[in-house]
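First residue of the sequence shown: 35, per the working numbering; consecutive thereafter.
All C-beta atoms, glycine included, are put in the ideal place defined by N, C-alpha and C.
Notes follow the structure.
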Amino acid sequence: MISQFSEKIRSLFSKSNGASKTALAFGGTVILTSVVVTAAIVGVRQLGALESFELQAYDYLMRSRPKEQPDDRVVVVEISEQDIRQQNEFPMSDATIAKLLQKLEQYQARAIGIDILRDVPIGQGRQDLVKVLTNNDNIIAACKLSSESEPGTPAAPGVPEERVGFADMPFDRDNKIRRNILVSTPTKPTVPVEKPHLCNFDSPENQILSLAFNTALLYLQSEKIEPEQTDAGDLKLGSAVFKRLESNAGGYRNISAEDYQMMINYRSGGQPAKQVPLTQVLQGKVDKALLRDRLVLVGYTATTANDDFGTPYSAGGQDRVEMPGVVIHAHIASQILSAVWNQRPLIWYWPLWSEVLWIFGWSVVGGTIGWKIHRPWLFALTAGAAIVILYGSSYTLFLQAGWIPIVPSALAVVVTAASVVLIDRYSQAVTDVVKKLFRIEIQIDESQKAKEVAEIIETDSFQGLQEKAKELRNRRHNTTTTDIPPSPEIPPSPIEEIPEEKPTDQTSSSDDDYLQQLQRRGKRLRKKEDDQDEG
35 MISQFSEKIR SLFSKSNGAS KTALAFGGTV ILTSVVVTAA IVGVRQLGAL
85 ESFELQAYDY LMRSRPKEQP DDRVVVVEIS EQDIRQQNEF PMSDATIAKL
135 LQKLEQYQAR AIGIDILRDV PIGQGRQDLV KVLTNNDNII AACKLSSESE
185 PGTPAAPGVP EERVGFADMP FDRDNKIRRN ILVSTPTKPT VPVEKPHLCN
235 FDSPENQILS LAFNTALLYL QSEKIEPEQT DAGDLKLGSA VFKRLESNAG
285 GYRNISAEDY QMMINYRSGG QPAKQVPLTQ VLQGKVDKAL LRDRLVLVGY
335 TATTANDDFG TPYSAGGQDR VEMPGVVIHA HIASQILSAV WNQRPLIWYW
385 PLWSEVLWIF GWSVVGGTIG WKIHRPWLFA LTAGAAIVIL YGSSYTLFLQ
435 AGWIPIVPSA LAVVVTAASV VLIDRYSQAV TDVVKKLFRI EIQIDESQKA
485 KEVAEIIETD SFQGLQEKAK ELRNRRHNTT TTDIPPSPEI PPSPIEEIPE
535 EKPTDQTSSS DDDYLQQLQR RGKRLRKKED DQDEG
C-alpha cells in the first residue's frame, strides 16, 4: 500500500515537473521575446517612425465607417464655380456678401459663420456690409491668426471681438487636416506689422475661438447651453466633455498641441450638411424651412478660390480629392452639436500604458503562434487570422470613436512570431549539431578504449596471467569435497541441502570468448589504421 502511495506521489511530481518545464520553455521563449519586441516597437513608435503608417490606418478606418446622414441642423451656402460665372465676379464683392447676409436674416437663420476674409473692401457695397455685420449679433466673421512669418488678417470691420472666429486649422506632417483648434492665442510675428488687430495680439489673455466653435456656441446659446470647465480643466458643453488633445494622442508623436485642440470626427459619407448654391439663396429659390433656425456657414467651394485641403477622405476614391475649408468647418460644427445633443462620441484614445499592454498582448499572441505551430502553411494561416481579429477589434472600437494602436500591434504579431520561429528552429538546429559532435566523440572514445584493451591482452604478461587463471579454474573444478561423518552421540538430523552454485565450463568458456573477441577487435582496428596509413 505504501509503495502504491509513493508511486502516485512520484507520478504527480513527474506531471507537475513536465508542466513546469513547459511553462519555463514558454516563458523563456515567448514571454521574453514578446517583452523585447514590445520594447523595441514602443521605442521606435515613440521616436515617431510609425506615425505616418498609423495615420494612414486611421484614415482607412475613417473612410470605412458606415455612411451617416447629413446633419439637418447645419447648412452650407457654397460659392461654386457656377456661382462665380453667374455673378460674374471673383472674389465676391462686398455688395454680394451683404445681400447674401440680408437674405439669410430674412430666412431666420439662427447662427451664421462667414468663412471669407474681408479685411479690405472688394468692389461696391462696403458700407452695406459693415452695416449688416454691425446690426446683426448672430454673425461670426472669420480672421486669420498671426504666425512667426505672417502678421495675420483681421476680421471685417464693424464686428465686435466676441463675434470673431479664426479660420485657421492645423496641418499634419502629410498636409492633411485631422485636428481642429477650439481656442488659440496668436503667435508674435517676426515680420513687420502694419496695423495691430485682435488676431495678431500675442497676449496670453487674448483667447480667440475658432470660426466653427464660436458659431456652434452661438447656436447653442438659444438652448441655454453655455461652456463650462471641468475640474481637470477640460471644456464641457451640456453633458459632452471635449478633452484637450495631447501631443502623443493615438498615433501622433510630439505634435504641436499647445492650443486647445481636438480630433475631428468627420461625419462619414463626405457631406456633413446640405449644400445650397449662393445664387439660389440670392434669387430666393430656397425653401425657407431649410434655412430657418439653422447653423449656416458661408464659403467657397470653387477650386478657383484655392481653399481646398487634404483630409482622411483625400485617398478614399472620392470624386474630389480635397475638401473645401467651409465644408471642414461644417464637419466641426456638426461634431460639436451632435456631441451635445445626440451623444455622438468624440475621438478618444488610450493612455500610453494601456497602449503598451495592448501591443504586448498581441506580441504574446504572435509568439504563441510561432511557438506552437510548426507547419509553414498553418503558421501563415494562423498569423493571418490573428491580424484579421486585430483589425476587427480595432474597427469595432473605431466605430465607437476609439483610436487604438493597430499598426504597432500588427507589427508585434508578425515580428514576435517570426522571432520565436527563428529562435526555436535555430536553437534546435544548433542543439542537433552539438549532439552529433558529442556522439562522434563518444564513438571515438569507445574505439580508442577497445584498441588499448586489445593491446594489453596481446602482451606476454597478460597471456601468462590468463594461463594461470585457467589452471586455477580447472584445479578447482576437479577438486572433490569429502563428507564429514556424524557424531555417534548425536543422532544425525536431516539437513536441507542448499544448492551451491558451482563454476561450470560455460563460465570459463564465456571468459575465453570475451577475451578472444577483444583480441579480434584489436586486430581489426590495427588493420584498419594500417590500411588508412597506406591509403
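The alpha helix (DSSP H) spanning residue i covers which residue range?
i      : result
Leu89  : 85-97
Leu135 : 128-140
Gly401 : 386-406
Ala323 : 322-325
Val193 : Neither: Val193 is in no alpha helix (DSSP H) and is coded neither H nor E.
Ile75  : 66-80
Leu167 : 160-169
Gly359 : 359-375
Below 8 Å between beta carbons: does that hold for residue i and residue j?
i      : j      : result
Leu386 : Asn288 : no
Ile423 : Ala444 : no
Ala250 : Leu329 : yes
Ala446 : Ile403 : no
Leu134 : Ile173 : no
Ala335 : Pro306 : Reading off the sequence shown, one finds Thr at residue 335, where the question assumed Ala. Their beta carbons are not under 8 Å apart, which means Thr335 does not touch Pro306 by this criterion.
Val166 : Val315 : no
Glu195 : Asn170 : no
Lys270 : Glu280 : no
Thr338 : Gln120 : no
Ala435 : Pro379 : yes
Pro104 : Lys308 : yes
Asn276 : Met297 : The question names Asn, but residue 276 is Phe in the sequence shown. Not a contact, by the Cβ cut-off of 8 Å.
Ser68  : Val398 : yes
Lys210 : Ser86  : no
Arg278 : Asp265 : no
Ile215 : Asp206 : no
How many Å lie between residue i and residue j at the Cα?
i      : j      : result
Val154 : Ala190 : 8 Å
Val193 : Ala175 : 7 Å
Lys406 : Asp106 : 55 Å
Lys101 : Arg301 : 8 Å
Ala73  : Cys233 : 45 Å
Pro188 : Val441 : 43 Å
Val374 : Lys258 : 12 Å
Glu389 : Asp342 : 34 Å
Ala91  : Val449 : 19 Å
Ser114 : Val361 : 12 Å
Gln116 : Arg144 : 27 Å
Gly400 : Gly284 : 23 Å
Ala129 : Leu431 : 49 Å
Asp539 : His408 : Any reading at Asp539 is ruled out, since the residue's pLDDT is 49, under 50, leaving its predicted position unreliable.
Phe124 : Ile156 : 9 Å
Pro410 : Trp396 : 20 Å
Arg558 : Tyr460 : 40 Å
Arg212 : Asp458 : 44 Å
Ala291 : Val108 : 28 Å
Phe200 : Leu433 : 30 Å
Pro238 : Val164 : 29 Å
Thr168 : Gln158 : 18 Å
Leu89  : Trp384 : 16 Å
His231 : Asp293 : 20 Å
Arg554 : Arg507 : 24 Å
Ala451 : Val76  : 17 Å
Asp236 : Thr224 : 12 Å
Arg97  : Leu84  : 20 Å
Ile438 : Asn299 : 15 Å
Leu66  : Arg79  : 20 Å
Tyr429 : Arg99  : 8 Å
Tyr141 : Leu81  : 53 Å
Val570 : Asn240 : No answer is possible for residue 570: the residues shown for the chain start at 35 and end at 569.
Pro520 : Arg510 : Summary for Pro520: the model assigns pLDDT 49, below 50, so the residue's position carries little reliability; its value from the coordinates is reported in the next sentence. Whole-angstrom Cα-Cα distance: 26 Å.
Val454 : Val71  : 11 Å
Asp93  : Ile370 : 21 Å
Which residues mark the beginning and the end of the beta strand (DSSP E) in which residue i is found?
i      : result
Val310 : 308-311
Ala176 : 173-177
Tyr334 : 329-334
Ile146 : 145-148
Val109 : 108-113
Does the beta carbon of residue i sit closer than 8 Å to a beta carbon anywhere in chain B?
i      : result
Asp106 : The structure shown has no chain B; it contains just one protein chain.
Exercise for the section: Could you pull out every unbroken beta strand (DSSP E) segment of at least 3 residues lying fully inside the segment 216-301, listed in chain order? Expected result: 261-263, 269-271, 274-276, 294-297
Practice task
Count the C-beta pairs between the segment 219-236 and the segment 173-181 that are closer than 8 Å, then say yes if the count reaches three, no if not.
Solution key: Touching, yes.
Problem - Stretch pair the segment 141-155 + the segment 240-248: three plus CB contacts closer than 8 Å - result: Yes: at least three Cβ pairs fall under 8 Å.
Exercise for the section: Examine the Cβ distances between the segment 365-373 and the segment 404-419 and report whether three or more of them are shorter than 8 Å. Expected result: no
Handout entry: 4 or more residues per run - each alpha helix (DSSP H) lying fully within the segment 403-448
Key = 410-433
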